[in-house]
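Asks:
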Amino acid sequence: MRKQLPVTYSIRFKNWLNIAGRLLLWELVGGYALLSIYIFIQRLEGPNPGADFVIYYGASLLSLANNPAAIFDWSAMAEAQASVIGEAVKYLPWLYPPPLLLLAAPLAGLPYIPALGVWILGQFALLLIAIRSLISRHNLGPLAYLAAFVFPATVNNMLAGQNGALSAALLGGGLAVLQRRPVLAGLLFGLLIYKPHLGIMLPFALLAMGAWRTIAAALSSAICISLVSLLAFGTAPWLGFFQSAGVGANALEYGQTHWAKMATVFAALRLAGADLPLAYAGQAIAAILAILAVLYLWRRKTADLVSLPIRASGLLFATFLATPYAFFYDLVVLIFPILWLGSMRWLPGCRQILGLLWVAPVALWLLARYSQISLWPIVLAGCLIWLLYHNKQQRQ
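Here you go:
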């Protein structure tokens, strides 16, 4: 007969596990924070701090010169960017719809470095506001803010001078308030029109749960922000955007230097040597399966039985499985599944999932860069399958 352990021993053992878990978490946070800070300092010492930010600043200079349509003219953009950093630049085109220019245009009123600071810190402030809605509702402490700041994907976004934190604030923030403030959620979703591929799963989720007010609000905000950009800059930038659609497609299909930086099925297959038909076929299959998973999690009959952390996290994992176009800086939004699932860490395997999501933005990028193997589809699919399993367990 198995000997029963004393109650005091059991309590001490559980306390030890809690302490060990916290130490592991702090090791991850501290280690990656130091690594990220080191990289950030090294990057600032280089000739072009903010790297990709020169895209937005160059566009702002053209807007200041009353020539916003030139953002889709590479020769004009290259000249504007070179005037900032004092040397010829690599190919960094503007590929966004004109609504994003509303945010970028005022940056020309500042010198480059202060503008970069405003761009990065402004996005991060919006991200913290979005995270604030999670803290009280899901019993998260103020360390959630620190986690968002030192999350490797957030630091990568800062290094690149990109817009990933803004996208995360809109998409993650909208999901966070969806149950309590559906109209506000829709307004946030609509503002994501500058990166519609990151909202690819939202229509399926919202239709499945019958969130008509959210859908109406999203359409309204998307139309309004588009009209404002039309009034501000005219029709030329919109025409330029549609005419330059092939530039983004060409970069996706043949931009071999970009594939290691991407977190999609298409990029993983191309990096592994797949031809275009096979890569598109694999991406299509992944997208269909991702849509089915989202419909299952968000359908009206089961929405009340499935907690928001599971549904929203599943949607975000499915987003990166469904879209063929998502870069490392877009992964900032994964801080929301990390925080949501952190409030459910009693689930079997949850801590392992959290650790995996934490290290993935750096570890998988390095692996893809030096081995030509991208494990993002496997990691994302594994996380989604884990969520579907626990969703089924909760409903039983």
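With numbering that gives the first Met the number 0, letter number 235 in the sequence shown gets 234, and the count goes up by one each step, no holes. In this text, a Cβ means the ideal position worked out from N, Cα and C, and glycines have one as well.
DSSP state of Met-208, grouped into three classes?
Replies: Sequence index remark: in the sequence shown, residue 208 carries index 209 (1-based). Met-208 falls in the helix class under three-state DSSP.
Asks: Do the CB positions of Ala-129 and Ala-184 come within less than 8 Å of each other?
Replies: In the sequence shown, residue 129 corresponds to position 130, counting from 1. In the sequence shown, residue 184 corresponds to position 185, counting from 1. Result no, Cβ atoms of Ala-129 and Ala-184 do not sit closer than 8 Å.
Asks: Quick one: grab the DSSP three-state call for Met-343.
Replies: Residue mapping note: residue 343 aligns to position 344 of the sequence shown, counting from 1. DSSP places Met-343 in coil when its eight states are reduced to three.
Asks: Taking DSSP's pairing of strands, which residues face Phe-326 in a bridge?
Replies: Your numbering for residue 326 matches position 327 in the sequence shown. Answer by DSSP bridge pairing, in chain order: Met-261.
Asks: Could you give the residue range of the alpha helix (DSSP H) that holds Met-443?
Replies: Any answer about residue 443 is impossible in this case: the structure gives the chain only from 0 up to 395.
Asks: Secondary structure at Leu-91, three-state DSSP: helix, strand or coil?
Replies: Numbered from 1 along the sequence shown, position 92 holds the residue referred to as residue 91. Here Leu-91 sits in coil by DSSP.
Asks: I want to see whether chain D comes within less than 8 Å of Ile-309, judged by CB atoms only; does it?
Replies: Absent from the structure is chain D; it holds one protein chain and no more.
Asks: Would you mind sorting Arg-212 into buried or exposed? The rule is 16 or more other CB atoms within 10 Å of its CB.
Replies: Here the question's residue 212 lines up with position 213 in the sequence shown. Answer is exposed; the Cβ neighbour count stays below 16.
Asks: Check Ile-130 in the structure and name its three-state DSSP category.
Replies: Here the question's residue 130 lines up with position 131 in the sequence shown. Three-state result, Ile-130: helix.
Asks: Drop a sphere of 10 angstroms on the beta-carbon of Ser-82, count the other beta-carbons inside from all chains shown, and report buried for 16 or more, exposed for fewer.
Replies: As a position in the sequence shown, residue 82 is number 83, starting the count at 1. It counts as exposed.
Asks: So Leu-383 packs on Gly-313, CB below 8 Å; how close in whole Å?
Replies: Residue numbering aside, residue 383 sits at position 384 when the sequence shown is read from its first letter. Residue numbering aside, residue 313 sits at position 314 when the sequence shown is read from its first letter. At roughly 6 Å, the Cβ-Cβ gap stays under 8 Å, so Leu-383 and Gly-313 are in contact.
Asks: Since Pro-97 contacts Ser-228 with CB under 8 Å, what's their CB separation in whole angstroms?
Replies: Along the sequence shown, one-based indexing puts residue 97 at 98. Along the sequence shown, one-based indexing puts residue 228 at 229. Going by Cβ atoms, the distance from Pro-97 to Ser-228 rounds to 4 Å, so yes, they are a contact pair.
Asks: Just confirm the distance between the C-beta atoms of Ala-221 and Ile-192, as a whole number of angstroms; I'd bet it's less than 8 Å.
Replies: Numbered from 1 along the sequence shown, position 222 holds the residue referred to as residue 221. Numbered from 1 along the sequence shown, position 193 holds the residue referred to as residue 192. 4 Å between Cβ atoms; contact.
Asks: Roughly how many whole angstroms lie between the Cα atoms of Arg-344 and Leu-139?
Replies: Translated into positions along the sequence shown, residue 344 becomes position 345. Translated into positions along the sequence shown, residue 139 becomes position 140. Cα to Cα, Arg-344 sits roughly 12 Å from Leu-139.
Asks: Exposed or buried, which one is Leu-120 when buried takes at least 16 other CB atoms within 10 Å?
Replies: Along the sequence shown, one-based indexing puts residue 120 at 121. Leu-120 is exposed by the Cβ-count criterion.
Asks: Rounded C-beta distance between Ala-359 and Phe-335? I'm assuming under 8 Å.
Replies: Along the sequence shown, read from residue 1 onward, the residue named residue 359 stands at position 360. Along the sequence shown, read from residue 1 onward, the residue named residue 335 stands at position 336. Contact flag wrong, Cβ pair sits at about 15 Å.
Asks: Would the beta-carbon of Ala-317 fall within 8 Å of that of Ala-278?
Replies: By one-based count along the sequence shown, residue 317 stands at place 318. By one-based count along the sequence shown, residue 278 stands at place 279. No. Outside cutoff.
Asks: With distances taken Cα to Cα, identify the nearest neighbour of Gln-161 among Asp-51, Ala-285, Tyr-369.
Replies: One-based indexing of the sequence shown puts residue 161 at position 162. It is Asp-51 whose Cα lies nearest to the Cα of Gln-161.
Asks: Thinking C-beta only, is Asn-390 closer than 8 Å to Leu-296?
Replies: Locating residue 296 in the sequence shown gives position 297, where the first residue counts as 1. Locating residue 390 in the sequence shown gives position 391, where the first residue counts as 1. Yes; because the gap between Cβ atoms is below 8 Å, this pair is in contact.
Asks: Run the CB neighbour count on Asp-329, radius 10 Å, all protein chains shown included, and call it buried at 16 or more, exposed below.
Replies: Here residue 329 refers to the residue found at position 330 when the sequence shown is read from its first residue. Under this definition Asp-329 is a buried residue.
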